[in-house]
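The structure appears below as structure tokens.
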Amino acid sequence: MLPRNMAASGNPAAVPQDYYKPAVAPSSEWANPAVLGLMGFGTTTMLAGIANTGYTGFWTSSGDNVLAMAFAFGGLAQLIAGIIALRKGEIFAGTAFTGYGCFWLAYDFFVLNYAASDPTLLVSLMWFSIVWALFTFAFLVSAPKHGGGITAVFLWLTVAFILLAIKFGTLAPGGAYATTGLPNWLANVVGLEIFITGLIAVYVAFGILTNTNYGRKIIPI
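Here it is, written out as structure tokens:
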């Protein structure tokens, strides 16, 4: 359906200049960085989930796209979002976005600088996952104050880090799957859980963006 003033004249120039632009009150304040932070985290996590599955062919991923996203969007963009949130006095969002931005940058550094043949690689990844599971659980305790969507993100993320710790621990020398490799079904469980974690974060970001843009609650988060 055409806007009434466009339909009347048939001339697109008759549409007011700001018709397609929601009104925004001038402000010296920083905008809410939650959409940027959650999108950076969510999209990168979704790619990481795909890379962790045991699927092949069309559904597989080399993981190189994860490294690129982990540096640019999951890392730098989320770090910027965290700094903005801290500047606005938001200790929960600011620490979370800054923390997970640093997580993705640390992950990039770790993967790119650790020799794949190093026998301690998998054990190191296991402890890396355990530490981040503890970090995430600390936020999960306070997450209910910030809504059901955020709580779901931290709940699924806590489980994701636990699953990753189990995965790397069982693949490490002496582990249950050290010689046989992770069964496809188990790899798929881990990968899909991680993918869903990222999808929930993207959904929450979508909800914040939409509700803020229209000035009313349209998407339940």
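Residue numbers (this note's numbering): 118 to 338. For glycine and all other residues, C-beta sits at the position ideal for the given N, C-alpha and C.
For F312, the uninterrupted alpha helix (DSSP H) run begins and ends at N301 to Y331, by DSSP. For S241, the enclosing alpha helix (DSSP H) starts and ends at L238 to S259. DSSP, read as helix, strand or coil, puts I335 in coil. Note that the C-beta distance between L281 and L299 is not below 8 Å. Going by C-alpha positions, G315 is about 12 Å away from F323. With distances taken between CA atoms, A295 lies nearest to I283 out of F226, I283 and I336.
A contact between stretches requires three or more CB pairs, one per stretch, nearer than 8 Å, and the region 189–203 meets this requirement with the region 153–170. Separation of the CB atoms of A198 and L164 is rounded to 18 Å, and the pair is thereby denied contact status at 8 Å. A contact is defined here as three or more CB-CB pairs under 8 Å, and the region 300–308 meets this definition with respect to the region 167–174. Looking from the CA of G264, the closest CA among L184, P337, R333 and F245 belongs to P337. Every unbroken stretch of the alpha helix (DSSP H) spanning 4 or more residues and falling wholly within the region 168–220 is given here in chain order: 181–188 and 195–204. Here P236 is exposed: its Cβ has fewer than 16 other Cβ atoms, across all protein chains shown, within 10 Å. Take L203, set aside five residues on each side of it, and the residues of its chain with a beta-carbon closer than 8 Å to its own are G211, T212 and T215, in chain order. The Cβ atoms of P150 and I201 sit closer than 8 Å to each other. For G266, the enclosing alpha helix (DSSP H) covers residues G265 to L288. CA-CA distance, L184 to S259, rounds to 30 Å. In the three-state reduction of the DSSP assignment, A232 falls in the coil class. When the beta-carbon positions are compared, I267 and V321 come within less than 8 Å of each other. Y231 and L242 have their C-alpha atoms roughly 10 Å apart. With fewer than 16 other CB atoms across the displayed protein chains lying within 10 angstroms of its CB, D181 is exposed.
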